[in-house]
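Participant: Residue numbering for the sequence shown follows the numbering used here, beginning at 5 and increasing consecutively.
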Amino acid sequence: MLGKVLNALAFQVGWLACVLGGTPWGLPTVTMIVTCHLLWLGIPGEWRWLVGFALLGALVDGTLTLLGGLRFTDASALTPVLPLWLWLLWPLFATTLHHSLAWLWSHPWLAMLGGALGGPSSYLGGARLADVELAPWALAVQAVVWGSLCGWLALRKETSRDRP
Numbered sequence: 005m006l007g008k009v010l011n012a013l014a015f016q017v018g019w020l021a022c023v024l025g026g027t028p029w030g031l032p033t034v035t036m037i038v039t040c041h042l043l044w045l046g047i048p049g050e051w052r053w054l055v056g057f058a059l060l061g062a063l064v065d066g067t068l069t070l071l072g073g074l075r076f077t078d079a080s081a082l083t084p085v086l087p088l089w090l091w092l093l094w095p096l097f098a099t100t101l102h103h104s105l106a107w108l109w110s111h112p113w114l115a116m117l118g119g120a121l122g123g124p125s126s127y128l129g130g131a132r133l134a135d136v137e138l139a140p141w142a143l144a145v146q147a148v149v150w151g152s153l154c155g156w157l158a159l160r161k162e163t164s165r166d167r168p
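#1: Expressed to the nearest angstrom, what Euclidean distance is found between the alpha-carbon atoms of Gly119 and Leu96?
#2: Return the CA-CA distance between Trp150 and Leu63, expressed in angstroms with no decimal places.
#3: Drop a sphere of 10 angstroms on the beta-carbon of Ala81, count the other beta-carbons inside from all chains shown, and report buried for 16 or more, exposed for fewer.
#4: Which residues in the same chain as Thr27 place their Cβ atom closer than 7 Å to its Cβ, once the five residues preceding and following it in sequence are excluded?
#5: Using a Cβ distance threshold of 8 Å, determine whether the stretch 101 to 108 contacts the stretch 8 to 20, with at least three qualifying pairs required.
#6: Could you tell me the distance, in whole angstroms, from the CA atom of Leu54 to the CA atom of Leu60?
#7: Using the DSSP secondary-structure output, state which residues sit across from Leu74 in a beta bridge.
#8: Rounded to a whole number of angstroms, what is the C-alpha to C-alpha distance between His111 and Ala158?
#9: Candidates Leu143, Ala147, Arg160: which alpha carbon is nearest Gly175's?
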């Protein structure tokens with residue numbers, strides 16, 4: 005139980021570091037959180053989920069940015085399409101899948117609803133704190149993306165012995 009609480013707290017710390025501190029704060033914070041997570045809480049093969057979500061994040065948020073859904077004031081030469089701090093949130097989220105959010109995958113409709121509401125809420129809050137401009141349609145797209153993603157994770161849990 006303590007591991008799940010620490011996992012949820014670590015996610016919140018990492019999210020705030022990325023959103024409020026950008027890449028200079030987010031990169032070392034998320035690196036430390038992911039490293040500690042894999043050393044102390046990680047399950048065999050969990051690193052694959054983190055890599056997979058990092059790639060998925062580049063695809064989803066990169067596409068959303070290229071389509072004009074997200075506009076950033078702090079463009080970086082390292083990541084011309086997507087700020088590194090935003091991309092880091094994806095593997096950070098993946099650290100919660102088998103731990104603090106593990107209970108959610110047994111409830112597909114709740115997972116879909118949580119994704120459809122929680123994903124856009126996170127983007128809206130992050131955009132306001134990080135001075136990111138959202139297109140009027142961006143939150144609706146995020147609701148579909150995150151609702152579908154969380155629904156898929158829950159259905160995967162139901163049809164597989166693998167967690168989520």
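For each residue, glycine too, the CB sits at the ideal point set by N, CA and C.
Please read all numbers here as calculations on a predicted model, not as lab measurements.
Facilitator: The short version:
#1: Numbered from 1 along the sequence shown, position 115 holds the residue referred to as residue 119. Numbered from 1 along the sequence shown, position 92 holds the residue referred to as residue 96. Roughly 16 Å between the two C-alpha positions.
#2: Taking the sequence shown and counting its residues from 1, one reaches residue 150 at position 146. Taking the sequence shown and counting its residues from 1, one reaches residue 63 at position 59. Rounded to whole angstroms, Trp150 to Leu63 spans 13 Å at the Cα level.
#3: Numbered from its first residue, the sequence shown carries residue 81 at position 77. Legend: pLDDT at Ala81 = 47, less than 50; position of this residue unreliable, no value from coordinates given.
#4: As a first step, residue 27 must be located in the sequence shown, where it is residue number 23. The residues are Ser80, Pro87, Leu88, Trp89.
#5: yes
#6: Looking up residue 54 in the sequence shown gives position 50. Looking up residue 60 in the sequence shown gives position 56. Rounded to the nearest angstrom, the two C-alpha atoms are 10 Å apart.
#7: Position 70 of the sequence shown, counted from the start, is the residue given in the question as residue 74. Answer by DSSP bridge pairing, in chain order: Leu138.
#8: Position 107 of the sequence shown, counted from the start, is the residue given in the question as residue 111. Position 154 of the sequence shown, counted from the start, is the residue given in the question as residue 158. The alpha-carbon atoms of His111 and Ala158 are separated by roughly 7 Å.
#9: The chain is shown from 5 up to 168; residue 175 falls before or after that span and cannot be answered.
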